[in-house]
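Position 195 of the sequence shown, counted from 1, bears residue number 195 in this note's numbering, the numbering being contiguous throughout.
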Amino acid sequence: MITRRTLLTSALPLAASAAGLTGCSKTAVGDAGPVQSQGSTASDRRLIRYGDDDSQVAELHLPPGDGQVPVAVVIHGGFWMSSYGMELATPLAEDLARNGVGGYAIEYRRVGNGGGWPTTFEDVAAAIDSLAAQPRVDLAKVVAIGHSAGGQLAVWAAGRPGLPVGAPGAGPRVVLAGAVSQAGVLDLVNAAEEQLGGDAVQQFLGTTPAKDPARYRLASPYEQIPLKVPVALIHGTHDLQVPLTQSRRYTTAATKAGAPADLTELPNTGHFELIDPHHQAWQTTRTKTHHLLTL
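(1) I need the straight-line Cα distance from Gly150 to Ala144, nearest angstrom please.
(2) Asp138 lies in the beta strand (DSSP E); which residues open and close that run?
(3) From Gly112 to Phe204, what distance separates their C-alpha atoms?
(4) Between which two residues does the beta strand (DSSP E) holding Pro70 run?
(5) Take Leu227 and list the residues in its own chain whose beta-carbon comes closer than 7 Å to its own, dropping the five residues that flank it on each side.
(6) Between Leu96 and the ligand FMN, is there a pair consisting of the residue's CB and a ligand heavy atom that are separated by less than 7 Å?
(7) Just the Cα atoms here: how many angstroms apart are Trp282 and Val74?
(8) Starting from Leu263, follow the alpha helix (DSSP H) in both directions and report where the run begins and ends.
(9) Given a cut-off of 8 Å on the beta-carbon distance, is the pair Asn190 and Arg248 in contact?
(10) Return the first residue and the last residue of the alpha helix (DSSP H) that His279 is part of.
(11) To which residues does DSSP link Ser299 through a beta bridge?
(12) Can you list, in chain order, the residues of its chain with a C-beta nearer than 6 Å to that of Pro135? Leave out the 5 residues immediately preceding and following it.
(13) Nearest-angstrom Cα distance between Arg98 and Arg286?
(14) Would you call Glu193 buried or exposed, if buried means 16 or more other Cβ atoms sit within 10 Å of its Cβ?
This is the structure we're talking about:
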């Protein structure tokens, strides 16, 4: 059985590598230098700093060559907590690069290290917007992939053009062409009411839906419906961490509103198989991502 602990253990060498990169705190904001990729056919891995905090860092994994490529922003989950980090996204970004798509694994401030509302949203927005300075990125073909809590951030990021002026993440420099939600926590009001992850949602947003409904409207992808770009949803029928009803509720509401949304339910699949690059669940995600990038 695949568990988060198993995945974290297998990712320890990657985490150590990322820690070595993020330790370069003197690198200029937005600087991206090539680093030879190890154990990958990708030609290079570029460190991108989009702020001064150690968590304001990302890695862009590029396929071989010097031409422009589509890019998928990979946003890790972990109920927005600082216990989990970019090491969960890095293997997926590397796999995308091996298959012709730039993989952009991003880190962001999380609950416990300065994250939450509004800093996590500002970080995700800034990380994505920093792609505008990367000459090999085809800015017309950028999508986001997010797992679990990262699914909330990915679909939220796809809806940034519709945010009101002054809201965290409003006025994007890089407009996403779509999003892929892997077992995403997409209805934050429902998730808070159902106590997914205990009080993880309330900790993340710093309040409850009853006390600040406006904040939940700005943060929850369900409240952003309808989006103008397509959303592909992938969810295992045996997911014990994020219930399948989260994806079903979003798909039903989006379809009713005339928004492009497609749900793939994977039988006999749990929560963590989706981020195992060797599992068919991830291969399904990669296929859906390629499809979004060709629309």
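Heads up, the beta-carbon is just placed ideally off N, CA and C, and yes, glycines get one too.
Reading off the structure:
(1) Rounded to the nearest whole angstrom, the CA to CA distance from Gly150 to Ala144 is 10 Å.
(2) Where Asp138 is concerned, the enclosing beta strand (DSSP E) stretches over 137 to 147.
(3) Those two C-alpha atoms are separated by around 10 Å.
(4) Taken as a continuous stretch (DSSP letters only), the beta strand (DSSP E) holding Pro70 covers 69 to 75.
(5) Apart from sequence neighbours up to five positions away, the residues of its chain that approach Leu227 with a beta-carbon distance below 7 Å are Ala158, Gly159, Ala259, ordered along the chain.
(6) Ligands displayed in this structure: none; no statement on the ligand FMN is therefore possible.
(7) In this structure, the alpha-carbon of Trp282 lies about 12 Å from that of Val74.
(8) Boundaries around Leu263 are those of the beta strand (DSSP E), 261 to 266, since no alpha helix (DSSP H) includes it.
(9) Pairing Asn190 with Arg248 gives a Cβ-Cβ distance that is not under 8 Å.
(10) For His279, no alpha helix (DSSP H) segment is defined, and its DSSP state is neither H nor E.
(11) Because the chain here runs from 1 to 295, residue 299 falls outside it and cannot be looked at.
(12) Within the same chain, Pro135 has no close Cβ partners at all.
(13) So the alpha carbons of these two residues sit roughly 11 Å apart.
(14) When all chains shown are included, Glu193 counts as exposed.
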